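Worksheet: the structure to be examined is printed underneath.
4 protein chains.
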Amino acid sequence: MIVMKEGATPDQIRAVVNRVESVGARAHLSEGEIHTVVGAIGDREQVANLDLEGSPGVDHLVPITRPYKLASMQFRHERRTVIDIDGRKIGGNHFATIAGPCTVESRDQLLDAAHTVKEAGAQLLRGGAYKPRTSPYSFQGLGEDGLRLLAEAKEVTGMPIVTELMDVRDLDAVLEVADVIQLGARNMQNYTLLTEVGRAGRPVLLKRGLSATLDELLMSAEYILKEGNTDVMLCERGIRTFETGYRFTLDLMAVPVLKELTHLPIIVDPSHAAGRRDLVPALSMAAAAAGADGVVVEVHPDPEKAICDGPQQLRSEDFASYLRQMEQVAEIAGKELASRV
Amino acid sequence: MIVMKEGATPDQIRAVVNRVESVGARAHLSEGEIHTVVGAIGDREQVANLDLEGSPGVDHLVPITRPYKLASMQFRHERRTVIDIDGRKIGGNHFATIAGPCTVESRDQLLDAAHTVKEAGAQLLRGGAYKPRTSPYSFQGLGEDGLRLLAEAKEVTGMPIVTELMDVRDLDAVLEVADVIQLGARNMQNYTLLTEVGRAGRPVLLKRGLSATLDELLMSAEYILKEGNTDVMLCERGIRTFETGYRFTLDLMAVPVLKELTHLPIIVDPSHAAGRRDLVPALSMAAAAAGADGVVVEVHPDPEKAICDGPQQLRSEDFASYLRQMEQVAEIAGKELASRV
Amino acid sequence: MIVMKEGATPDQIRAVVNRVESVGARAHLSEGEIHTVVGAIGDREQVANLDLEGSPGVDHLVPITRPYKLASMQFRHERRTVIDIDGRKIGGNHFATIAGPCTVESRDQLLDAAHTVKEAGAQLLRGGAYKPRTSPYSFQGLGEDGLRLLAEAKEVTGMPIVTELMDVRDLDAVLEVADVIQLGARNMQNYTLLTEVGRAGRPVLLKRGLSATLDELLMSAEYILKEGNTDVMLCERGIRTFETGYRFTLDLMAVPVLKELTHLPIIVDPSHAAGRRDLVPALSMAAAAAGADGVVVEVHPDPEKAICDGPQQLRSEDFASYLRQMEQVAEIAGKELASRV
Amino acid sequence: MIVMKEGATPDQIRAVVNRVESVGARAHLSEGEIHTVVGAIGDREQVANLDLEGSPGVDHLVPITRPYKLASMQFRHERRTVIDIDGRKIGGNHFATIAGPCTVESRDQLLDAAHTVKEAGAQLLRGGAYKPRTSPYSFQGLGEDGLRLLAEAKEVTGMPIVTELMDVRDLDAVLEVADVIQLGARNMQNYTLLTEVGRAGRPVLLKRGLSATLDELLMSAEYILKEGNTDVMLCERGIRTFETGYRFTLDLMAVPVLKELTHLPIIVDPSHAAGRRDLVPALSMAAAAAGADGVVVEVHPDPEKAICDGPQQLRSEDFASYLRQMEQVAEIAGKELASRV
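Residue numbers (my numbering), protein chains in the order written: chain A, 1 to 341; chain B, 342 to 682; chain C, 683 to 1023; chain D, 1024 to 1364.
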């Protein structure tokens, strides 16, 4: 929809109509008391590429159709995507917990955490080998050594692995061990990475950028889907707001709204949003209550000794009861629990 | 704490120490490798009033103690405030639902909604007689006629009334009918209103401003508490962020954080945050899961005919099942349900 | 414009059309490939009051016309409002500086500042008698004593006075001395105050709320204009964002955008946005360069002794050269300087 | 500074002191009336890595020293970095204009724009060969063909080239033509790219992320500086706020604040912030008035035919007078003009 300015001349309106028609779209005029509105009916991208904003007599543009296609609820005719990762299901009426340490630090630390989360009933094991850090002076992860430890944890526990990819040149190494490739919030619009991960065909956990709108998150998912990879989970992990009382503001409203817009599973990461262990249980339960398809949560056998993000990691001994309480809420919200299926 | 600039001179440091001591506080020096830090130990307000920020050699100030006293958890020695409104308890381990139409429109509409919410088990009846509206051309509420209808609904149903006060000159009229006086988000820092409501001594539902930090919300509560009125409920109702996918972003992280900072009950308003009925159930359950002490929610017998905010009001026929599901979650989160006490 | 959902039924579309026509508006259908759009042509408020959002088959609403009328550029046929305050002009091609202390503290302080700003060439004198403070424990202003000192400063210097009104009950007292009534950011949506100040007919300096959109600012101006008071200046004073490096984020983009939307003069307050004296000159020059019609700036003879906001007040001795530099920039931006007229 | 909770036990305080000392830092105790504060004096990173937040008895941490070193004003002893690009100076008292089309579209378009901006007096030529786009369906740039055209424009006009790098695998190709490598806002925290560009040693134009704090921007610069590349320009290009009246909110307050924090040159991009040509002149003048060291601005010989971002590109015929007016303001703000040196 192209909204013309008050007082736009017939010539200006005609010029807009001509440009709309020049890309094969139909133009449909609607004359209001103040504004004339030109509806452009045809291919969204082609009309958008006309960049009519700023043309003589044009006040502003109002896009009517959503910019994503493959990610939209309509594309799958209202059927939700259920991702099956070695028998663990995420999406639809399945709720899944992805748990493990923030960073892979050592063999003992990782295996200890892996056993804890497996026994408590988590479905997938997470752990970072490559860590995006704000400071170049901070620990950047164990890299390939970390990947090797993850491979060992997978062999020992049988749990599928979720781990982050930061550099496209590490893709092959990550594919050797990852059952799910995580793309971090700061890489949500790293289009190179999105495209390559799309081509790799492995399930993806795509985190929402700190100030990304839901439309932008879905457009980033579209980059992956467009390459033929349909196994994309979206992850809300806190957005940036004016509030300084906590690290990020967990946007749980995104959960029901995304579930309306897209067929893809929605995961919530309460650990990074809070930055503080004591908030994680309340936020996890709230995520489950809001309808999330799962959480990704950090657990460490000895958080005081963690190399990175210790304060936000749950203690191993608290994990089982935490999981039970969250699953109770997920059931009220309509989920079957994978752990009991 | 006054952080001195790198390279601050001994004279500049001495001048800061002298000013701190001039208001009867003690100064305590800590010399780091880069910065010297002057700790000011004494009355927070008096030191703050020195406005040392910008003094020669001063880099910045870091307040260590919280600015509020009466609202703080420490003031009540970790005991939570439980407000008793004609037998309905809010706070501590009590969960309460405040429900009713956005605006009082007519006798039939109000009584119909009142019966619905009472029968379903809500504790308090809400309804607006004075409505703050962005546009001077919008319906501004029935005013005193609305108050009279609320008085009738109270008499008929026995439910305590929650209604908004906008103008200090209407205080006496509102006090005639309101069991709880609501102060809206746009009036959160209307200090005149806060002080007068503090003096009136009636329980208050204080809504968080659209871009108010938790500290500011608590300082506004402090205005009321300072006048001797201890019955203050704080209400999260959505904040303003960059996200345009919904009206406001409901900040449920505020719930566990406020419960750590203050002894006052925390209420959540999912209706105004969402602006859309279909999001209200998921957000209400999430609020209960996050540990809220109650919700304030809009219900209308015929939302399509509502004069104001129809799209966000729950339908009467859906209210009872909505309430049951939310209460189930509140129980898992540790609440006894008032409706069963 | 009412955008129907993909797959909306003919019955749902007909129902929307009927409701639009029920308030006397015309409905105009535009059928796209995915969405049908219903244009509602008629009175904006009446259609808005239908609250069609949430009706069966409705996806979302897109307002086409702006919600304000009297404040709009079109209402004055592109002629800018020039406010004349005792011979000092603000708006159009006139640039004006409003200067003085944050708070009236004493006779000496006020008169000293008044002489400084007058001699340097400022047009109006500002000073607060009533101070909105976040904390109930902070100094709240001298009140009526402050007003009396302002009256004296006006008599001695001949400068028109700008001072803030916080409580509608103080209106008469403020009208005795104020040539311009200031409404603070936290009162931008205090509709009681807006209406009464509109009725009083005195020029108004209306500050933008910390998280108010430009549309909301203009709607608040509309409350005043609607009562017949046409002398309204809008003031940008910093908004709330995620950035913690400064107190508020001065939104200078608001200046050229507001000048396109409205005929009212646009003033910038660099002092409150920055909270630090050293940023004030650069921000003031930037405001003038962006096309502002004036600035309101704080000046104090001895900022270290100021009771409130000392760090952000310019020193008297720096004021004249500050003013010259800013005025040079205003001239390049197209202003005639009031001080030379 | 580690702020202990009210009521922290001596054991808890001792434990914190021990952990601080375990990494070779000194601990310095300051006992206030409510809180005990432990100052940690030593290596910032090592103390930060202790992750004391969340330890028993710890309320919160307050970092005193800034996290960046090489980017800080102190590191260069208050001397500003002046970058010399083939004789064009940026930084210190030099103001530079970087101009050219958003995207390289064709030989004619690029050469036409290049001649325009050269003749008007711009110092560097910008043009994108690789374009980061929100939508995978949008034009992604001419890629290597675009680089070849830029090389030709450089040969013909003698102007140094600024162009964006998105994918680390394109580094060598970009280095063949770019005199300045641009890193886009969405890649501000692409640590792979930052490190490789740091190693490449070519001058860098680093754009601030949409919701990046100034500290984060400086930390990203630190990644580049740490590799030995000292020629980094920082670029403010609009941040994300609640305001929907414009595409982004240009944060001109960042200019004077960054100039206090860092010795690196500060550039402003008014085109991307505004998204609209008509706002560009006012914002550019405001940037110069605020003390910016230059602007990067989009110019197109025929914006209506631009493939991307046409509405925000200045018309060639308006560029010379635009540049003159901006340079006048830069001179008042204290700059010598490179075009006249």
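All residues carry an ideal CB built from backbone N, CA and C; glycine is no exception.
Since the model is a prediction, treat every value here as computed from it, not as a measurement.
Neighbourhood of residue i by C-beta, 8 Å cutoff - its chain only, sequence neighbours within 5 removed
{"i": "Asn434 of chain B", "result": "Gly675, Lys676, Glu677"}
{"i": "Ala855 of chain C", "result": "Glu826, Leu829"}
{"i": "Ala366 of chain B", "result": "Ala381, Ile382, Gly383, Asp384, Gln387, Val388"}
Chain C residues whose Cβ lies nearer than 7 Å to that of residue i
{"i": "Ala647 of chain B", "result": "Asp733"}
{"i": "Ser106 of chain A", "result": "Result: empty, since nearest Cβ-Cβ is about 35 Å, beyond 7 Å."}
{"i": "Thr475 of chain B", "result": "Glu898, Met901"}
{"i": "Glu33 of chain A", "result": "Ile723"}
Spatial distance of residue i from residue j (CA atoms)
{"i": "Gly398 of chain B", "j": "Met342 of chain B", "result": "14 Å"}
{"i": "His28 of chain A", "j": "Leu70 of chain A", "result": "27 Å"}
{"i": "Leu323 of chain A", "j": "Glu243 of chain A", "result": "29 Å"}
{"i": "Gly1181 of chain D", "j": "Gly1123 of chain D", "result": "14 Å"}
{"i": "His35 of chain A", "j": "Leu61 of chain A", "result": "12 Å"}
{"i": "Arg340 of chain A", "j": "Gly87 of chain A", "result": "Low confidence applies to Arg340 of chain A: its pLDDT is 47, below 50, so where it sits in the model is not reliable, and the reading given next is rough at best. When rounded, the distance between both Cα atoms is 13 Å."}
{"i": "Pro963 of chain C", "j": "Gly957 of chain C", "result": "12 Å"}
{"i": "Gly927 of chain C", "j": "Leu1281 of chain D", "result": "10 Å"}
{"i": "Met345 of chain B", "j": "Leu1134 of chain D", "result": "53 Å"}
{"i": "Ala40 of chain A", "j": "Val104 of chain A", "result": "53 Å"}
{"i": "Gly550 of chain B", "j": "Pro477 of chain B", "result": "20 Å"}
Cβ-based neighbour list, residue i, same chain, cut-off 6 Å, excluding 5 preceding and 5 following
{"i": "Met626 of chain B", "result": "Met667, Val670"}
{"i": "Ala1174 of chain D", "result": "Val1200"}
DSSP state of residue i mapped onto helix, strand, coil
{"i": "Glu703 of chain C", "result": "helix"}
{"i": "Met1308 of chain D", "result": "helix"}
{"i": "Glu336 of chain A", "result": "strand"}
{"i": "Val16 of chain A", "result": "helix"}
{"i": "Ile772 of chain C", "result": "strand"}
{"i": "Gly880 of chain C", "result": "helix"}
{"i": "His954 of chain C", "result": "helix"}
{"i": "Ile580 of chain B", "result": "strand"}
{"i": "Ile266 of chain A", "result": "strand"}
{"i": "Ile648 of chain B", "result": "coil"}
{"i": "Arg1102 of chain D", "result": "coil"}
{"i": "Asp960 of chain C", "result": "helix"}
{"i": "Met253 of chain A", "result": "coil"}
Close Cβ partners of residue i (< 7 Å) along its chain, the five nearest in sequence each way excluded
{"i": "Ser662 of chain B", "result": "none"}
{"i": "Val981 of chain C", "result": "Ala781, Gly782, Pro783, Ala795, Thr798, Val799, Gln995, Leu996, Ser998, Phe1001"}
{"i": "Leu1241 of chain D", "result": "Tyr1091, Ala1094, Leu1284, Thr1285"}
{"i": "Ala553 of chain B", "result": "Met529"}
{"i": "Ile580 of chain B", "result": "Leu551, Ser552, Phe589, Thr590, Asp592"}
9 Å Cβ cut-off: residues of chain A touching residue i
{"i": "Gln415 of chain B", "result": "Near Gln415 of chain B there are no residues of chain A at all, since even the closest Cβ is about 17 Å away, more than 9 Å."}
{"i": "Leu591 of chain B", "result": "Asp251, Leu252, Met253"}
Proximal chain A residues relative to residue i, where beta-carbon distance stays under 8 Å
{"i": "Val685 of chain C", "result": "Ile64"}
{"i": "Glu688 of chain C", "result": "Gln74"}
Within chain B, the residues that residue i reaches when beta carbons sit closer than 8 Å
{"i": "Met848 of chain C", "result": "Tyr532, Thr533"}
Contacts of residue i in chain D (Cβ-Cβ under 9 Å)
{"i": "Val979 of chain C", "result": "Within 9 Å Cβ-Cβ: nothing; Val979 of chain C doesn't reach chain D, min ~15 Å."}
Listed by chain order, chain A residues near residue i by CB distance under 7 Å
{"i": "Tyr1160 of chain D", "result": "Glu45"}
{"i": "Ser552 of chain B", "result": "Phe242"}
Secondary structure, alpha helix (DSSP H): runs of 4+ residues fully inside the region 1173-1219 of chain D: Listed in chain order, they are 1194-1200.
Which ranges does the alpha helix (DSSP H) cover as unbroken runs of at least 4 residues, wholly within the region 1116-1185 of chain D, from first to last along the chain? Taking only runs of at least 4 residues, the alpha helix (DSSP H) segments lying wholly in the region 1116-1185 of chain D are 1130-1143, 1167-1180.
What ranges does the beta strand (DSSP E) occupy inside the region 18-77 of chain A, keeping only unbroken runs of at least 3 residues that lie completely in it? The qualifying runs are 26-31, 36-41, 58-61.
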